[in-house]
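Visitor: Have a look at this one.
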Amino acid sequence: MMGSLDIPPEEVSVYIGDRLLIFTALFVPLQILCVALRFISRYKVHTPWGLDDAVILFALAEQMGMAGISIGAVKFAGVGHHIPWLMVKDPASLRIWAKYLLALSFLYLGSVNLPKFSILLLYHRLFPTKKMGAIIKLMMVVLCVITISTIVGASLVCRPFSANWDGPIPGNCGNKKVLYIWASFPNIVTDVILLLLPMPVLWSLNVSPRLKRLSHFRYALPDLFSKQRLPRWDLGSG
Numbered sequence: 001m002m003g004s005l006d007i008p009p010e011e012v013s014v015y016i017g018d019r020l021l022i023f024t025a026l027f028v029p030l031q032i033l034c035v036a037l038r039f040i041s042r043y044k045v046h047t048p049w050g051l052d053d054a055v056i057l058f059a060l061a062e063q064m065g066m067a068g069i070s071i072g073a074v075k076f077a078g079v080g081h082h083i084p085w086l087m088v089k090d091p092a093s094l095r096i097w098a099k100y101l102l103a104l105s106f107l108y109l110g111s112v113n114l115p116k117f118s119i120l121l122l123y124h125r126l127f128p129t130k131k132m133g134a135i136i137k138l139m140m141v142v143l144c145v146i147t148i149s150t151i152v153g154a155s156l157v158c159r160p161f162s163a164n165w166d167g168p169i170p171g172n173c174g175n176k177k178v179l180y181i182w183a184s185f186p187n188i189v190t191d192v193i194l195l196l197l198p199m200p201v202l203w204s205l206n207v208s209p210r211l212k213r214l215s216h217f218r219y220a221l222p223d224l225f226s227k228q229r230l231p232r233w234d235l236g237s238g
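This is how it looks when you write it as structure tokens:
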């Protein structure tokens, strides 16, 4: 039992849950600081708030929720221990772990595109052209479809639903790993599109090449920082 899942016997008892706690302790304050600086800059330059500001606040709240779930999983569900160790020492925690993982998955799938909505709303304010507006609306529809389809897929991958955490009951689960891998693919594509979307407008500006490069970097930053989410931890850690 202790040697299952191809884990060397000497590593089965190794505990790494502190890594998740340290990561969370570092990045949660950083996320709060970045959002706070956003609103401080709004206040300093007397820029009116927009819908993009409300969306980013909601995204931050969901990040705090995922941080709380991650901490709870470490404290109460054995995250950080290898599964073979838990199967012997605390088998009941595996069911609790599965529930935490399910909650984290749904919260992640529901919030992963919120920073992109905020970026698109910002683009809509900065580049109020008919063509840009049409592209932005199309992207928002695509993001809504991606979000809904991944949540529906995660809801239906196990039938009955309780099979997500209750292994012994009669039921059937599809390949969750494949589901989440393919769910990440549209996110990568939309990330690239968001990075490229304002570039034609910026490069058409009648300014120096140096200023164009700075503008390019400036508008790439929001999308890059939106990737600094809590990691997609495989909470099983082995």
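The sequence shown begins at 1 in UniProt numbering and counts up one residue at a time. Glycine included, every Cβ here is placed at the ideal spot set by N, Cα and C.
Sort S105, F39, W97, K89 by Cα distance to G65 and report the nearest one.
Guide: Taking the first residue of the sequence shown as 1, we reach residue 65 at position 65. Closest by alpha carbon: S105.
Visitor: Counting Cβ pairs closer than 8 Å, one from the segment 77-89 and one from the segment 42-55, do we hit at least three?
Guide: Contact between the segment 77-89 and the segment 42-55 is absent, because fewer than three Cβ pairs lie under 8 Å.
Visitor: Going by Cα to Cα distance, which pick from S184, M199, A154, R19 is closest to V79?
Guide: Here residue 79 is taken as the residue at index 79 of the sequence shown, counted from 1. Answer by Cα proximity: R19.
Visitor: Work out the CA separation of G17 and V141 for me, nearest whole Å.
Guide: In the sequence shown, counting from the first residue as 1, residue 141 sits at position 141. In the sequence shown, counting from the first residue as 1, residue 17 sits at position 17. One C-alpha to the other measures close to 38 Å.
Visitor: Is there contact here, the segment 149-167 with the segment 178-194, by at least three beta-carbon pairs under 8 Å?
Guide: yes
Visitor: On the three-pair Cβ rule with 8 Å, is the segment 18-37 touching the segment 92-99?
Guide: no
Visitor: What's the C-alpha gap between F76 and A163?
Guide: In the sequence shown, residue 76 corresponds to position 76, counting from 1. In the sequence shown, residue 163 corresponds to position 163, counting from 1. When rounded, the distance between both Cα atoms is 20 Å.
Visitor: May I have the straight-line CA-CA distance separating V145 from P8, to the nearest angstrom?
Guide: On the sequence shown, position 145 is the one that residue 145 refers to. On the sequence shown, position 8 is the one that residue 8 refers to. Rounded to the nearest angstrom, the two C-alpha atoms are 43 Å apart.
Visitor: Give me, in chain order, the residues of the same chain whose beta-carbon lies closer than 7 Å to that of G50; leave out the 5 immediate sequence neighbours on both sides.
Guide: Against the sequence shown, residue 50 aligns to sequence position 50. Correct list, in chain order: L121, R125.
Visitor: Could you give the C-beta distance for L143 and F117, rounded to a whole number, given that I count them as a contact under 8 Å?
Guide: One-based indexing of the sequence shown puts residue 143 at position 143. One-based indexing of the sequence shown puts residue 117 at position 117. Between F117 and L143 the Cβ distance is about 7 Å, and since that is below 8 Å, they are a contact.
Visitor: With H, G and I counted as helix, E and B as strand and the rest as coil, what does DSSP make of V88?
Guide: In the sequence shown, residue 88 corresponds to position 88, counting from 1. Note: V88 maps to helix in three-state DSSP.
Visitor: On the three-state DSSP scale, how would you describe H81?
Guide: Walking along the sequence shown from the start, residue 81 turns up at place 81. Note: H81 maps to strand in three-state DSSP.
Visitor: Could you pull out every unbroken alpha helix (DSSP H) segment of at least 4 residues lying fully inside the segment 152-206, listed in chain order?
Guide: 176-196, 199-203
Visitor: Take the Cβ of V192 as the centre, count every other Cβ of all protein chains shown within 10 Å, and call the residue buried at 16 or more, exposed below.
Guide: Looking up residue 192 in the sequence shown gives position 192. Exposed, by the Cβ-count rule.
Visitor: Can you tell me the Cα-Cα spacing of L214 and Y15, whole angstroms?
Guide: Working through the sequence shown from its first residue, we reach residue 214 at position 214. Working through the sequence shown from its first residue, we reach residue 15 at position 15. Unreliable placement is indicated for L214, whose pLDDT of 49 sits below 50; the coordinate value is still reported in the next sentence. Near 45 Å, if we compare the C-alpha coordinates of Y15 and L214.
Visitor: According to the Cβ coordinates, are I119 and L202 closer than 8 Å?
Guide: Along the sequence shown, one-based indexing puts residue 119 at 119. Along the sequence shown, one-based indexing puts residue 202 at 202. Going by C-beta atoms, I119 is not nearer than 8 Å to L202.
Visitor: Using a Cβ-Cβ cut-off of 7 Å (strictly less than) and excluding sequence neighbours within five positions of V74, which residues of its own chain qualify?
Guide: For the purposes of this step, residue 74 is identified with residue 74 of the sequence shown, where counting begins at 1. Here the set comprises G17, L20, L21, G80.
Visitor: Among the candidates P200, I56, D53, whose CA atom is the shortest distance from the CA of T129?
Guide: Taking the first residue of the sequence shown as 1, we reach residue 129 at position 129. Cα-wise, what sits closest to T129 is P200.
Visitor: Under the three-state reduction of DSSP, which class applies to H46: helix, strand or coil?
Guide: Within the sequence shown, the letter at position 46 stands for residue 46. Correct three-state label for H46: coil.
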